[in-house]
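This report concerns only the one structure given below.
Protein chains: 2
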Amino acid sequence: MRSYHTANDWVSATALSAENGALAYVSAKRTRFVSELKEFIRFPSVSAQPEHAGDLKRCAAWLAEHLQRIGMERVAVVPTDSHPIVYAESCHAPWRPTVLIYGHYDVQPAAPLIKWRSPPFKPVMRGNDLYGRGASDDKGQLFTHVKALEAFLQTNGELPVNVKCLFEGEEEIGSPHLPAFVAANPHVLNADCAVISDTQIPAPDRPAITYALRGALNLELEVLGQKRELHSGVLGGVVHNPLQALCEIIAQLHDTNGRVNIPGFYDRIRRWDAKERAYMSKVGPSDAQMLRDAAATTGWGERGYTLYERATIRPAITVSGVMGGYQGTGIKAAIPTRALAKLDFRLVPDQDPQEIDDLFRQYIAKITPASVKTRIRTLMSAKSALIDRSHPAIAAAARAYQQGFGTPPVFLRNGGTIPVVNLIQETLEIPVVMMGFGLPDDRIHGPNEKFHLPNFFKGIEASIRFLSEISKWQGNVSA
Amino acid sequence: MRSYHTANDWVSATALSAENGALAYVSAKRTRFVSELKEFIRFPSVSAQPEHAGDLKRCAAWLAEHLQRIGMERVAVVPTDSHPIVYAESCHAPWRPTVLIYGHYDVQPAAPLIKWRSPPFKPVMRGNDLYGRGASDDKGQLFTHVKALEAFLQTNGELPVNVKCLFEGEEEIGSPHLPAFVAANPHVLNADCAVISDTQIPAPDRPAITYALRGALNLELEVLGQKRELHSGVLGGVVHNPLQALCEIIAQLHDTNGRVNIPGFYDRIRRWDAKERAYMSKVGPSDAQMLRDAAATTGWGERGYTLYERATIRPAITVSGVMGGYQGTGIKAAIPTRALAKLDFRLVPDQDPQEIDDLFRQYIAKITPASVKTRIRTLMSAKSALIDRSHPAIAAAARAYQQGFGTPPVFLRNGGTIPVVNLIQETLEIPVVMMGFGLPDDRIHGPNEKFHLPNFFKGIEASIRFLSEISKWQGNVSA
């Protein structure tokens, strides 16, 4: 056990239970915890942009040093071919369960900068919210567990369970190096359950456990036209403009009812029975709530499904970027030679990303007109994930939420993708508890991302309660 | 009359005709002429980009000073609300015809810079070609006339006809301020014919006179979606992505046969009789030649027309740019709030740009789905132009070409737009002679634009011959 800062940082906990001692410690340290979270957010750890590689390294080093200081052991920064993994553990009770805590310290790009009210990497408080890229996704949420661990270690000298931390720096680019690391280190990562806080709850007083995530497939579709940029006056109408051809191809991805046109795309999708859909309808957001969350006036998409269902049990394709032709002010009278679209597929059980990738390539080959060429590049893929809501680890999380937030959680599906959930389930064969502390209006991935600070502190409490609950758990205990 | 540089710059012309003296002068000054043209190209006079406004001012000042030095009079840099007009004249023979020479010193944007073998504003020779943005369009071609004027003035002390020069800096952005200037100064610009060298000839040994140009209409089409950028996982499939909607709208601009889908778009188009189409087929480029010029393997567009016809007597819409979503490396999982396309229409007789603009707006309003909003901005428009091939000024130009290039010119249509041609025809009521010296592979508007220097010198000779021919012309002479 290490002292944190100075002797007066200490809370005497001898007379209290470990849990109450940890909670009292959190109460006393709120200001410092927020300062530390701001320090964490200040690293522009944008994994998608190669120019930020150094920032990711520095952010990982900072996190590792922080884990070391709060009393975690075997702290390691594990290099990968791009951004490092941070590992730490505290395992002193072989007779107790082991919890694997996963989080990610990388963030989405901050562009468009002009839309931020304050700079994305200079976190500031406005009202009860802390603004900054990664504040909610995932630095703030990851940090709830770090602070819970600190509270136990600094008050009780030990954790109620064994804990292993796995914090990666490549979640936002599809975790390209994590599968190999997990597959190569099952003996290190071996645990009884995993917990991840990288999801949202409907409202501050409505906690939720996520039990389903969509999978993802990210592709680039390029259309190549004539070899030279041409004057659009002299030769407009003579060749098939690759930018126009790209738009024409994109327009063929959906029918007019918002259904994906790729043959075979829906073939393997699991049909949910009336009972599951009724449960979703009861606990999930209404169409009106979904539209409010989306800042939209009109819904869109596949008929026969609620907006919540469209976002969770139905797949989607988002055109997330198109680049082609002149991007500047005014006019440039030219036909470009190529155009590129970024496509973001979200997949559901039991769609297989590899099979969907193949179906997409076949479809594009079929609809590409003879007047242009197309080229497809797969950037990342991840399988969808489903967690059994009746697992005892989920029950422990539900009790922890009830204590931390004063109300029992609902069970929700989330349309996003956390590739590691499926990875941990399949490779380590343990359940993954998704305890989210984000809110629907956190603007994750968008400008002015924020984290609702009351949720930060409730999240720390929920994490403390969760570790205590797991310590009472009589499930399978890892060797 | 002024001395140019030094006394030894002079060529004695007393024993020669004015024309032969001028031609001998050109022969002797080739090296200097090329250096001066390079100086001219070095100004990055990109009219579309506000950051280059100063460069346009400096380029105009340089051109005015140059005209002053070669002996032109009443030289003036006329300010407009954006880029200035350069005017000069030499009118000492009221009994002779007056020629208005038009050209433009502004250029297209140079982007994408990465595709240039040498920097666009550092002109260099490779083989017989001078590379640089504006080398052909239109600095090099404009300069042929300036050097022809210099040759007469510096050898003979006067021009064979009255000459007025009108050089603008806004041609590439649709000449927004020229119409008002021309309309306000008919007494200044009054002439018997105008000559413009801003077009192409099929090959160095195949001169051509352009007798038809397409009109233009440049628009920006913006699609606005939900108010906030959204996570494409969490909400993909729930709202109509404005970038996808834009592609779907663009895809509805053409049918699968390359015909424009806008109702009424083709209604006013003039039908050409078999004789005109047979002439076009005889003198115009074949489909194979058009494809070689376009560096393309496959043609595209409206059925029932040759590629040359599609580029000249048929209209076209080019999507010249699309901006939407994430443009960086890798992945950003977001649904953008808006997307924008730049559209470049080319129109033919008797389509009216204003009417086409209206039809486009009506069509977009009709096909915009309720799930998004659209906004349209008109950037510029220009009418198409047609010149009577039997006019005596055209005959004079044909004889000049024959002498300058050693072969008679063919009469061609050009798919591009020179708004001033229609403007001069309609406002000053004089014919416009388009004596092009560019080549199809000059890559105007694209990277690695060049000017074939033998054409520069042949162009100067053709200009000298043209002014002489006009001096013999017995047509209507301006007061």
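These protein sequence lines are chains C and D, in that order. For the first sequence, the working numbering gives the first residue as 148, with consecutive numbering after it. For the second sequence, the working numbering gives the first residue as 148, with consecutive numbering after it. By construction, the Cβ of each residue, glycine as well, lies at the ideal position given by its N, Cα and C atoms. Since the structure is predicted, the reported quantities are computational estimates derived from the model, not experimental observations.
The residue among C/Leu-526, C/Leu-559, C/Tyr-278 and C/Asp-345 with its C-alpha nearest the C-alpha of C/Arg-424 is C/Leu-559. Ranked by Cα distance from D/Val-342, the options D/Pro-226, D/Arg-177, D/Lys-619 and D/Tyr-249 are led by D/Tyr-249.
DSSP places C/Met-219 outside both helix and strand once states are collapsed to three, so it counts as coil.
Annotation for C/Arg-524: the continuous beta strand (DSSP E) segment containing it runs 520-529. Distances from the CA of D/Ala-240 to each of D/Asp-420, D/Ala-338 and D/Ala-545 were compared; the closest alpha carbon is that of D/Ala-338.
DSSP places D/Phe-492 inside the beta strand (DSSP E), whose first and last residues are 485-494. Using a CB distance cut-off of 7 Å, C/His-334 does not count as an interface residue toward chain D. Under a 10 Å Cβ-count criterion, D/Ile-261 is classified as exposed, with fewer than 16 other Cβ atoms of the shown protein chains found around its own Cβ. For the segment 187-212 of chain D, residues whose beta-carbon sits nearer than 7 Å to a beta-carbon of chain C comprise Ala-195, Gln-196 and Pro-197.
In the three-state scheme derived from DSSP, where H, G and I count as helix and E and B as strand, D/Tyr-413 is classed as coil.
Per the coordinates, the alpha-carbon of C/Ala-458 lies some 11 Å from the alpha-carbon of C/Asp-434. D/Met-581 does not reach chain C, its nearest Cβ partner there being about 13 Å away, counting only Cβ pairs nearer than 7 Å.
Taking 7 Å as the CB threshold, C/Glu-376 lines the interface with chain D. The residue among D/Ile-397, D/Ser-379, D/Gly-405 and D/Ser-283 with its C-alpha nearest the C-alpha of C/Ser-467 is D/Ser-379. Runs of the alpha helix (DSSP H) lying entirely within the segment 374-418 of chain D, each at least 4 residues long, are 389-398 in chain order. Listed in chain order, the alpha helix (DSSP H) elements of length 4 or more contained wholly in the segment 587-623 of chain C are 600-618.
The straight-line gap separating the alpha-carbon atoms of C/Ile-188 and C/Phe-268 is approximately 6 Å.
Annotation: D/Leu-366 is outside any alpha helix (DSSP H); the continuous beta strand (DSSP E) that includes it extends over 362-371.
Under a criterion of Cβ atoms nearer than 7 Å, the residues of chain C adjacent to D/Pro-594 are, in order, Glu-376.
With a cut-off of 8 Å on Cβ pairs, the segment 192-206 of chain C is in contact with the segment 312-319 of chain C, counting three or more such pairs. Under the Cβ criterion of 7 Å, D/Val-495 is not counted among the residues facing chain C. No Cβ of chain D is located within less than 7 Å of the beta carbon of C/Arg-221.
By the criterion of a C-beta distance shorter than 6 Å, C/Phe-552 is surrounded in its chain by Pro-354 and Lys-605, once the five residues flanking it on both sides are discounted. Distance between C/Lys-286 and C/Asp-253, taken at the CA atoms: about 8 Å. A straight line joining the alpha-carbon of C/Ile-232 with that of D/Asn-388 spans about 34 Å.
The contact set of D/His-387 on chain C, defined by CB atoms closer than 9 Å, consists of Gly-405, Ala-443, Thr-445, Gly-446, Trp-447 and Gly-448 in chain order. The beta carbons of C/Val-519 and D/Ala-443 sit no closer together than 7 Å. Residues of chain D whose Cβ lies closer than 8 Å to the Cβ of C/Met-527 are, in chain order, Ile-478.
Taking a Cβ-Cβ cut-off of 7 Å, the neighbours of D/Glu-395 in chain C comprise Ala-398, given in sequence order. With a threshold of 7 Å between beta carbons, D/Ile-320 makes contact with chain C.
Following the DSSP letters along the chain, one finds D/Tyr-172 inside the alpha helix (DSSP H) bounded by residues 165-175.
Judged by pairs of C-beta atoms under 8 Å, the segment 404-421 of chain C does not touch the segment 472-484 of chain D, as fewer than three such pairs exist. Contact holds between the segment 556-574 of chain C and the segment 513-531 of chain C, because three or more Cβ pairs, one in each stretch, are under 8 Å apart. Residues of chain C whose Cβ lies closer than 8 Å to the Cβ of D/Val-225 do not exist; the shortest such Cβ separation is about 22 Å. Going by C-alpha positions, C/Phe-603 is about 30 Å away from C/Val-495. Residues of chain C whose Cβ lies closer than 8 Å to the Cβ of D/Gly-281 do not exist, since the nearest Cβ in that chain is about 14 Å away.
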